[in-house]
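Here's the structure we're looking at; comments come further down.
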Amino acid sequence: MNSPATLRYLSPSSSFRKPNSFGKQLVFNIKLPSNCKFPPNHNCCFKLITANTSFKTEVPVRSNRIRASSNDSQSQSVQRQGSFVEFITSERVKVVAMLALSLALCNADRVVMSVAIVPLSLSHGWRQSFAGVVQSSFLWGYLISPVAGGTLVDYYGGKLVMAWGVALWSMATLLTPWAAEASLWALLAIRMLLGIAEGVALPCMNNMIARWFPPTERSRAVGLAMAGFQLGSAIGLTFSPILMSQGGLFGPFVIFGLSGFLWVLVWVSATSSTPEHSQQISIHELRYIQNKGQIHTIVEGKSKTSKGIPPFRRLLSKLPTWSIIVANAMHSWGFFVILSWMPIYFKTIYHVDLRQAAWFSAVPWSMMALTGYFAGVLSDLMIQRGISVTLTRKVMQSVGFFGPGFALIGLTTAPSPSIASAWLTLAVGLKAFSHCGFLVNLQEIAPQYSGVLHGISNTAGTLAAIIGTVGAGFFVELVGSFKGFLVLTSVLYFAAAVFWNVFSTGERVKFDDST
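Structure (structure tokens):
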């Protein structure tokens with residue numbers, strides 16, 4: 001068409017095609033008024049006016065699949081997706097909500113033994129040091145799977161590996177009552193199986209968040225997912241004594257185990273491994289994720305670099321890797337010491353019964369869930385306001401280590417269980433800031449190796465947790481006090497915080513030539 005043409009807008013649409021006199025398709029993109037509304041199944045009418053002729057055409061459109069063609073429309077779409085309402089109703093939040101539920105089950109299944117160990121010790125005549133060995137048997141399995149699980153996550157994606165992981169650990173939870181009745185070795189073996197299966201949970205979470213969330217929302221997403229993890233502790237510690245009193249010693253193992261199988265059915269049928277494969281995601285949200293996070297580049301990079309043997313030597317040759325390893329080790333030490341020993345601590349030091357001990361131990365984990373999400377929002381806001389990623393991660397991790405260190409020292413001076421619970425709540429609540437430090441940093445320094453790097457750091461964390469959990473029992477027997485062990489934990493928190501601030505970075509680290 002040689003003559004100039006004008007397209008007159010008569011009713012809403014985005015584009016249409018009309019053959020010209022030479023049989024070719026002409027594509028017209030229309031910039032519509034910002035207040036334009038699209039009724040469902042609406043036929044949109046346009047009139048093309050040229051120097052020689054004019055015609056009208058009607059184009060059927062679907063209002064929820066309009067592809068914005070102008071830059072203004074794209075920017076408006078990004079702004080809408082970035083709003084809080086769009087965020088909490090988006091498909092990516094459905095994915096992170098399912099991740100939070102899986103992590104809640106993950107932690108609930110493991111902390112049941114923290115409550116059950118008290119009556120089990122009484123019935124079997126176990127000393128505190130041997131009770132620590134029984135509780136640490138979970139960590140023996142957890143030590144095996146993170147590296148292999150992280151590699152599988154990088155290869156197959158988080159959806160498939162998470163489904164198998166939840167199915168296996170739910171089966172182990174269900175079999176725990178039988179194992180405890182059968183023999184001590186059977187109980188230790190089932191607890192190891194639980195640890196092996198749960199070792200893939202956090203690498204899967206990191207993988208799914210890296211694929212579904214742009215960098216400016218990842219701290220918030222990790223905060224939401226880890227909120228479920230901490231609520232799992234609170235749920236397990238609070239409801240286990242109630243379920244034991246109603247359904248016997250092993251009632252909670254059955255309830256939580258069956259809940260895991262139900263979760264697997266929903267996860268497999270309602271989620272996708274990537275936004276591009278989702279049938280429910282809107283085109284606006286998909287573009288928002290791709291435009292803001294360039295997620296397609298990351299996924300393609302993983303497919304090229306992660307299907308061989310990971311470069312373990314190069315990964316371990318960088319100090320930012322070691323800052324994550326040290327941070328994960330200290331985080332796990334404090335986490336499992338508090339998780340495993342606080343019910344016994346309140347029962348021994350303050351002479352409260354099992355239900356009250358579980359309650360005093362559960363309140364801090366609920367606070368950790370709230371502060372974890374707050375830390376995520378604050379971290380994302382700092383980055384959006386122009387603060388460097390490196391400084392943001394160092395601030396978050398400093399709060400997450402220095403805070404619990406000082407609070408545990410305060411816990412040793414508490415004269416009553418209520419004040420002790422307040423100090424413990426402060427320690428655990430501030431500990432949640434670590435999730436926006438080393439846990440998010442995994443995706444930033446090595447997105448193509450985040451799974452295996454998470455596995456390596458988790459292995460170090462598991463070793464630290466075994467030493468802390470078993471060592472606490474022997475320390476109490478030798479010294480006669482939990483308080484000295486809490487002071488030792490505080491000193492380790494301070495040392496790990498200093499190491500992190502010296503050697504960590506928020507920038508991508510070159511681990512191979514393809515980076």
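According to full-length UniProt numbering, the sequence shown is numbered sequentially starting from 1. The C-beta atom is built at its ideal place from N, Cα and C for all residues, glycine as well. It should be emphasised that the depicted structure is a prediction, and the values quoted were computed from it without experimental measurement.
*Any chance the segment 405-421 sits against the segment 250-267, with 3 or more Cβ pairs inside 8 Å?*
Contact fails: fewer than three Cβ-Cβ distances are below 8 Å.
*Assuming ALA104 and ILE235 form a contact by the criterion Cβ under 8 Å, report the distance between their Cβ atoms to the nearest whole angstrom.*
In the sequence shown, counting from the first residue as 1, residue 104 sits at position 104. In the sequence shown, counting from the first residue as 1, residue 235 sits at position 235. Confirmed, Cβ separation roughly 7 Å.
*Do you know offhand how far CYS472's Cα is from PHE482's?*
Counted from its first residue, the sequence shown places residue 472 at position 472. Counted from its first residue, the sequence shown places residue 482 at position 482. Per the sequence presented here, residue 472 reads as Ala, with Cys not at that position. For ALA472 and PHE482, the gap between their C-alpha atoms comes out near 8 Å.
_beta strand (DSSP E) segments (min. 3 residues) lying fully within the segment 123-168_ = None, since the segment 123-168 contains no complete beta strand (DSSP E) of that length.
*How long is the line joining the alpha carbons of VAL115 and ILE467, rounded to whole angstroms?*
For the purposes of this step, residue 115 is taken as residue 115 along the sequence shown, with counting starting at 1. For the purposes of this step, residue 467 is taken as residue 467 along the sequence shown, with counting starting at 1. Answer to the nearest angstrom: the Cα atoms are 20 Å apart.
*Buried or exposed for GLU181, please, with buried defined as at least 16 other CB atoms from any protein chain shown within 10 angstroms of its CB.*
Position 181 of the sequence shown, counted from the first residue, corresponds to residue 181. Burial call: exposed.
_So the candidates are PRO146, ILE190, PHE433; which of them puts its Cα closest to the Cα of HIS331?_
As a working mapping, residue 331 is identified with position 331 in the sequence shown. For the residues PRO146, ILE190, PHE433, the minimum Cα distance to HIS331 belongs to PHE433.
*Burial state of PRO275 (16 or more Cβ within 10 Å)*: As a position in the sequence shown, residue 275 is number 275, starting the count at 1. By the Cβ-count criterion, PRO275 is buried, with 16 or more other Cβ atoms from all chains shown falling within 10 Å of its own Cβ.
*Buried or exposed (CB count within 10 angstroms, at least 16 for buried), SER145*: Within the sequence shown, numbered from 1, the residue matching residue 145 stands at position 145. Taking all protein chains shown into account, SER145 has 16 or more neighbouring C-beta atoms within 10 Å of its C-beta and is therefore buried.
_Helix, strand or coil for SER219? Go by DSSP, reduced to three states._
The count along the sequence shown starts at 1 and reaches residue 219 at position 219. SER219: helix per DSSP, three-state reduction.
*In the DSSP assignment, find the alpha helix (DSSP H) that holds GLY484 and state where it starts and stops.*
Residue 484 sits at position 484 when you count from the first residue of the sequence shown. 483-503 is the span of the alpha helix (DSSP H), which, as asked, contains GLY484.
*Mind reading off the beta-carbon distance from THR392 to GLY506? Whole number of angstroms is fine, and I expect it under 8 Å.*
The residue given as residue 392 occupies position 392 in the sequence shown. The residue given as residue 506 occupies position 506 in the sequence shown. With 8 Å as the limit, THR392 and GLY506 qualify as a contact, their Cβ atoms being about 7 Å apart.
*Looking at C-alpha atoms only, which residue of LEU120, SER90, VAL222, ASN206 is the closest neighbour of residue 546?*
The structure shown does not extend to residue 546, since the chain is modelled only from 1 to 515, so the question has no answer here.
*Residue interval of the alpha helix (DSSP H) (run including GLY410)*: Position 410 of the sequence shown holds residue 410. First-last of the alpha helix (DSSP H) with GLY410: 389-411.
*Measuring CA to CA, which of TRP178, LEU194, TRP185, LEU175 is closest to TRP164?*
The residue you call residue 164 lines up with position 164 of the sequence shown. Checked all of TRP178, LEU194, TRP185, LEU175; the closest Cα to TRP164 is LEU194.
*Do MET382 and GLY437 have their C-beta atoms closer together than 9 Å?*
Against the sequence shown, residue 382 aligns to sequence position 382. Against the sequence shown, residue 437 aligns to sequence position 437. Contact flag unset, no.
*What are the boundary residues of the alpha helix (DSSP H) that includes VAL479?*
Residue numbering aside, residue 479 sits at position 479 when the sequence shown is read from its first letter. Taken as a continuous stretch (DSSP letters only), the alpha helix (DSSP H) holding VAL479 covers 450-479.
*Cβ-based neighbour list, ILE409, same chain, cut-off 8 Å, excluding 5 preceding and 5 following*: Taking the first residue of the sequence shown as 1, we reach residue 409 at position 409. Within the same chain, ILE409 has close Cβ partners LEU486, VAL487, SER490.
*Helix or strand or just coil, what does DSSP make of ILE88?*
Sequence index remark: in the sequence shown, residue 88 carries index 88 (1-based). Helix at ILE88.
*Taking buried to mean at least 16 other C-beta atoms within 10 Å of its own C-beta, is GLU477 buried or exposed?*
Along the sequence shown, read from residue 1 onward, the residue named residue 477 stands at position 477. Within a 10 Å sphere around the beta-carbon of GLU477 sit fewer than 16 other beta-carbons, which makes this residue exposed.
_Whole runs of the alpha helix (DSSP H) within the segment 213-288, excluding any shorter than 4 residues_ = Entirely contained in the segment 213-288, the alpha helix (DSSP H) runs reaching 4 residues are, in chain order, 218-247, 251-270.
_Coarse secondary structure for VAL352, derived from DSSP in three states_ = The residue you call residue 352 lines up with position 352 of the sequence shown. Annotated three-state conformation of VAL352 is coil, per DSSP.
*Coarse secondary structure for ALA414, derived from DSSP in three states*: What you label residue 414 is simply residue 414 of the sequence shown in a count that begins at 1. Three-state result, ALA414: coil.
*asked:* In whole angstroms, give me the CA-to-CA distance for GLY232 and PRO364.
replied: Taking the sequence shown and counting its residues from 1, the one referred to as residue 232 is at position 232. Taking the sequence shown and counting its residues from 1, the one referred to as residue 364 is at position 364. Rounded to whole angstroms, GLY232 to PRO364 spans 12 Å at the Cα level.
*Measure from the alpha carbon of PHE253 to the alpha carbon of each residue in LEU224, VAL147, ALA172, TRP263, then state which is nearest.*
Translated into the one-based positions of the sequence shown, residue 253 becomes position 253. The shortest Cα separation from PHE253 among LEU224, VAL147, ALA172, TRP263 belongs to ALA172.
*asked:* Quick check: what's the CA-CA separation for VAL95 versus ALA465?
replied: On the sequence shown, residue 95 is found 95 positions in, with the first residue counted as 1. On the sequence shown, residue 465 is found 465 positions in, with the first residue counted as 1. Each residue's Cα considered, the two are about 29 Å apart.
*What's the C-alpha gap between residue 601 and ALA446?*
Only positions 1 to 515 of the chain appear in the structure, and residue 601 is not among them; the question remains open.
*Taking just the CA atoms, how far does SER245 sit from ALA210?*
For the purposes of this step, residue 210 is taken as residue 210 along the sequence shown, with counting starting at 1. For the purposes of this step, residue 245 is taken as residue 245 along the sequence shown, with counting starting at 1. ALA210 and SER245 have their C-alpha atoms spaced approximately 42 Å apart.
*Ends of the alpha helix (DSSP H) at LEU509?*
If you number the sequence shown from 1, residue 509 lands on position 509. Checking the sequence, you will find Val at residue 509 rather than Leu. Element bounds for VAL509: n/a, residue is neither H nor E.
*Assigned secondary structure, PRO447 (DSSP; H/G/I helix, E/B strand, else coil)*: Stepping through the sequence shown from its first residue, residue 447 is reached at position 447. PRO447: helix per DSSP, three-state reduction.
*Length of the line joining the Cα atoms of VAL479 and LEU175*: Translated into the one-based positions of the sequence shown, residue 479 becomes position 479. Translated into the one-based positions of the sequence shown, residue 175 becomes position 175. Each residue's Cα considered, the two are about 36 Å apart.
_Going by DSSP, what residue range makes up the alpha helix (DSSP H) through ALA189?_
Translated into the one-based positions of the sequence shown, residue 189 becomes position 189. First-last of the alpha helix (DSSP H) with ALA189: 184-198.
_Meets three-Cβ-pair contact criterion under 8 Å: the segment 312-319 and the segment 399-409_ = Segments in contact, no.
_Neighbourhood of ILE117 by C-beta distance below 7 Å, restricted to the same chain and skipping five residues each side_ = Translated into positions along the sequence shown, residue 117 becomes position 117. The residues are ALA131, VAL134, GLN135.
*Under 9 Å between the Cβ atoms of SER137 and LEU188?*
Translated into the one-based positions of the sequence shown, residue 137 becomes position 137. Translated into the one-based positions of the sequence shown, residue 188 becomes position 188. With contacts defined as CB atoms closer than 9 Å, SER137 and LEU188 qualify as a contacting pair.
*Neighbourhood of VAL112 by C-beta distance below 7 Å, restricted to the same chain and skipping five residues each side*: The count along the sequence shown starts at 1 and reaches residue 112 at position 112. Exclusion of the five residues before and after VAL112 leaves GLY236, SER240, PRO252, PHE253, PHE256 as the residues of its chain whose Cβ lies within less than 7 Å of its Cβ.
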